[in-house]
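Peer 1: Going from the sequence shown to my numbering is simple: count from 1 and add 3. All residues carry an ideal CB built from backbone N, CA and C; glycine is no exception.
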Amino acid sequence: FHYENDEGLYPHYSYSACTVLCRKKAQLEMCNCNDHFMPGADDAGRCNVSGMACLNTHVRELTILKPAWNRRTGLICDCMPSCDEAEITVIKDIINKYLVDLCLN
Numbered sequence: 004f005h006y007e008n009d010e011g012l013y014p015h016y017s018y019s020a021c022t023v024l025c026r027k028k029a030q031l032e033m034c035n036c037n038d039h040f041m042p043g044a045d046d047a048g049r050c051n052v053s054g055m056a057c058l059n060t061h062v063r064e065l066t067i068l069k070p071a072w073n074r075r076t077g078l079i080c081d082c083m084p085s086c087d088e089a090e091i092t093v094i095k096d097i098i099n100k101y102l103v104d105l106c107l108n
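(1) Excluding the five sequence neighbours on either side, which residues of its own chain have a C-beta within less than 7 Å of the C-beta of I67, listed in chain order?
(2) Should C86 go down as buried or exposed, given a rule of 16 or more other Cβ atoms within 10 Å for buried?
(3) Report back the beta-carbon spacing between G48 and N37 to the nearest angstrom; my notes put them in contact at under 8 Å.
(4) Using the C-alpha atoms, what's the distance from S17 back to I91?
(5) My assumption, with CB atoms under 8 Å, is that P42 sits in contact with L65. Please give the rounded CB distance.
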């Protein structure tokens, strides 16, 4: 539920708040600092120039969320959806126009 918030970057639990906390921890683990827009980062914990270069080096690992079973590069966050939030799943498929034309002719 929204009131079950152990780590407190935000006053209430949400999936989004959980992923922000997950990214914050990953930034600290990889680069020993957080970007300037990270909530709850104090001046001592914010990245200097070399820290920002480190974050840039690890940008894919820090920005792409992925499930644990996926082998691609990305961040695994064990975040559950909130009981109060709607969950929307978007499935996208790209069909090559050439294949469509081939099948229709």
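Peer 2: Looking at the atomic coordinates:
(1) The residue labelled residue 67 in the question sits at position 64 within the sequence shown. Excluding sequence neighbours, I67 sits near T76, G77 and L78.
(2) For the purposes of this step, residue 86 is identified with residue 83 of the sequence shown, where counting begins at 1. Result: exposed.
(3) To locate residue 48, count along the sequence shown from 1; it is residue 45. To locate residue 37, count along the sequence shown from 1; it is residue 34. Contact flag correct, Cβ pair sits at about 5 Å.
(4) As a working mapping, residue 91 is identified with position 88 in the sequence shown. As a working mapping, residue 17 is identified with position 14 in the sequence shown. Between I91 and S17, the C-alpha separation is close to 14 Å.
(5) Numbered from its first residue, the sequence shown carries residue 42 at position 39. Numbered from its first residue, the sequence shown carries residue 65 at position 62. Rounded, the Cβ-Cβ distance is 15 Å, inconsistent with contact.
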